[in-house]
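Single-structure report; data block below.
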């Protein structure tokens, strides 16, 4: 009698290969597709930054430079990251202040649709979710059917054929580019708190969840504190990154000329770094006094500058942790929670020693409070922030950062027990 199992197997192979090939040729991650055509900055997990206009392909993304880059051997016009290298992505940023008028209008429509999706958008999303679930089920069904054919066939299936069929069923799921998540589906279009791991530190950011796929989260309307360094030369005046600095002898006159607050983290002169931890609000002016020994040495000011951006982050190191009712500006300079608790033990001991020698050293008290806050020791952090506020006249910002961190501690305690 004619063995029909091979006809079934051939139909599975032909149909599955056609469907898999069709999906493979068209598959582009949906979150990445939303940023295609925009000028973006790609940050790799090794800290390298690359920027350009994103062009998306099924197997790669390309960042086209605005101007050619010349190195020792050739001229570069773009940067290509292949799909196999996507795990090297730390984040992709789309800065709102770099958008043209047309792109800004398109983004505004996307934001409105995320907050208030119409009937058509909701229906399309539901149909897509049903289709994705059907594809996943089809992949599982192929695996089951192969097992039945294999067990019922008198001739059996070769090991290479079985491997191919298993890969085919996995590809049918993988090429869809999304996983239906009922929890995230409820949060689409709402403001959420995203926990992002960078190295051994976990940071929290607030934004609107626009979409998600199997690999990425797309978050809009994020106020993100970018770290920046301002170089200051002797008797010089510079203005960059919304900060104006005028140097007169051993005094730095620092002014915030932007529309949002800044955080002055450190001042470096020579090889020595002095902690500042000072908040500078719009139009604030702060005078920083250098040591007389600094002379005419160049100085370096390390600041965190809040930028308004949209964000794509890999789900491998980002999770939606909370629903957020609103953006809280007091939390925008969140310094993150360390995963390795011994990371700053030496610094903590150094600041404790400084405070034993000089209890009026409010700057060291704030720095110590920050380190304790990072590892979740909220009781100790609160003690030193209050210690600093009792001596606010010795703080460059008059205690603004310490007050904000105390409010943030109350917020964190409301969500979980204090350490």
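Numbering (the working numbering), first residue to last: 33 to 451.
We treat Cβ as the ideally placed atom computed from N, Cα and C, and that holds for glycine.
Identify every residue that forms a DSSP beta bridge with residue i.
i: residue 391; result: Its beta-bridge partners do not exist; DSSP assigns none.
i: residue 285; result: 278, 319
i: residue 127; result: 341
i: residue 469; result: The displayed coordinates of the chain run from 33 to 451. Any statement about residue 469 would go beyond what the structure contains.
i: residue 89; result: 92
i: residue 71; result: 85
i: residue 270; result: 277
i: residue 441; result: Residue 441 is not bridged to any residue.
i: residue 311; result: 295
i: residue 239; result: 224
i: residue 434; result: Residue 434 pairs with nothing; no bridge assigned.
i: residue 60; result: BP columns for residue 60 are empty, so no partner.
i: residue 300; result: 305, 332
i: residue 116; result: In the DSSP output, where bridge partners are listed per residue, residue 116 has none listed.
i: residue 230; result: 233
Could you give the distance in angstroms between the alpha-carbon of residue i and the alpha-carbon of residue j?
i: residue 70; j: residue 232; result: 31 Å
i: residue 400; j: residue 288; result: 26 Å
i: residue 215; j: residue 117; result: 28 Å
i: residue 427; j: residue 250; result: 39 Å
i: residue 207; j: residue 65; result: Any reading at residue 207 needs caution, since the residue's pLDDT is 46, under 50, leaving its predicted position unreliable; the model's value is listed next. When rounded, the distance between both Cα atoms is 14 Å.
i: residue 331; j: residue 303; result: 10 Å
i: residue 252; j: residue 279; result: 38 Å
i: residue 68; j: residue 92; result: 12 Å
i: residue 394; j: residue 75; result: 36 Å
i: residue 398; j: residue 238; result: 25 Å
i: residue 349; j: residue 229; result: 5 Å
i: residue 429; j: residue 409; result: 24 Å
i: residue 293; j: residue 134; result: 28 Å
i: residue 61; j: residue 254; result: 21 Å
i: residue 126; j: residue 241; result: 15 Å
i: residue 146; j: residue 128; result: 17 Å
i: residue 355; j: residue 244; result: 16 Å
i: residue 347; j: residue 246; result: 8 Å
i: residue 386; j: residue 352; result: 40 Å
i: residue 269; j: residue 276; result: 7 Å
i: residue 140; j: residue 281; result: 47 Å
i: residue 402; j: residue 378; result: 14 Å
i: residue 443; j: residue 437; result: 10 Å
i: residue 415; j: residue 213; result: 42 Å
i: residue 404; j: residue 368; result: 11 Å
i: residue 298; j: residue 261; result: 10 Å
i: residue 450; j: residue 370; result: Because the pLDDT at residue 450 is just 37, under 50, the model does not fix this residue reliably, and the value given afterwards should be weighed accordingly. Using only the alpha carbons, I get a separation of about 15 Å.
i: residue 220; j: residue 115; result: 25 Å
i: residue 95; j: residue 272; result: 26 Å
i: residue 136; j: residue 396; result: 43 Å
i: residue 217; j: residue 89; result: 26 Å
i: residue 383; j: residue 235; result: 24 Å
State the CB to CB distance for the pair residue i and residue j, rounded to an integer number of angstroms; the pair is presumed to be in contact (CB under 8 Å).
i: residue 417; j: residue 344; result: Not really, about 35 Å apart at Cβ, beyond 8 Å.
i: residue 319; j: residue 285; result: 6 Å
i: residue 439; j: residue 336; result: Not confirmed; about 18 Å, so no contact.
i: residue 423; j: residue 392; result: 6 Å
i: residue 340; j: residue 283; result: Contact doesn't hold; Cβ gap of about 32 Å is too wide.
i: residue 301; j: residue 263; result: Wrong, their Cβ atoms sit about 12 Å apart, outside the cutoff.
i: residue 296; j: residue 310; result: 4 Å
i: residue 29; j: residue 421; result: Since the first and last residues shown for the chain are 33 and 451, residue 29 lies out of range.
i: residue 274; j: residue 290; result: 3 Å
i: residue 334; j: residue 257; result: The pair is not a contact, with the Cβ atoms about 12 Å apart (cut-off 8 Å).
Taking only three categories from DSSP, how would you classify residue i?
i: residue 378; result: helix
i: residue 329; result: coil
i: residue 214; result: helix
i: residue 246; result: coil
i: residue 365; result: coil
i: residue 398; result: helix
i: residue 259; result: strand
i: residue 292; result: coil
i: residue 148; result: coil
i: residue 354; result: strand
i: residue 106; result: coil
i: residue 347; result: coil
i: residue 412; result: helix
i: residue 253; result: strand
i: residue 76; result: strand
i: residue 422; result: coil
i: residue 100; result: strand
Using a Cβ-based criterion (distance less than 8 Å to any ligand heavy atom), does residue i qualify as near the ligand NAD?
i: residue 123; result: The model depicted lacks the ligand NAD and carries no ligand whatsoever.
Residue i CB to nearest chain C CB: under 9 Å?
i: residue 73; result: Considering every chain present, this structure includes no chain C. It has just one protein chain.
Mind the definition here: the region 75-88 touches the region 96-114 only if three or more C-beta pairs lie below 8 Å; say whether that holds. yes
If contact is defined by three or more beta carbon pairs under 8 Å, each pair taking one atom from either stretch, is the region 215-227 in contact with the region 113-132? no
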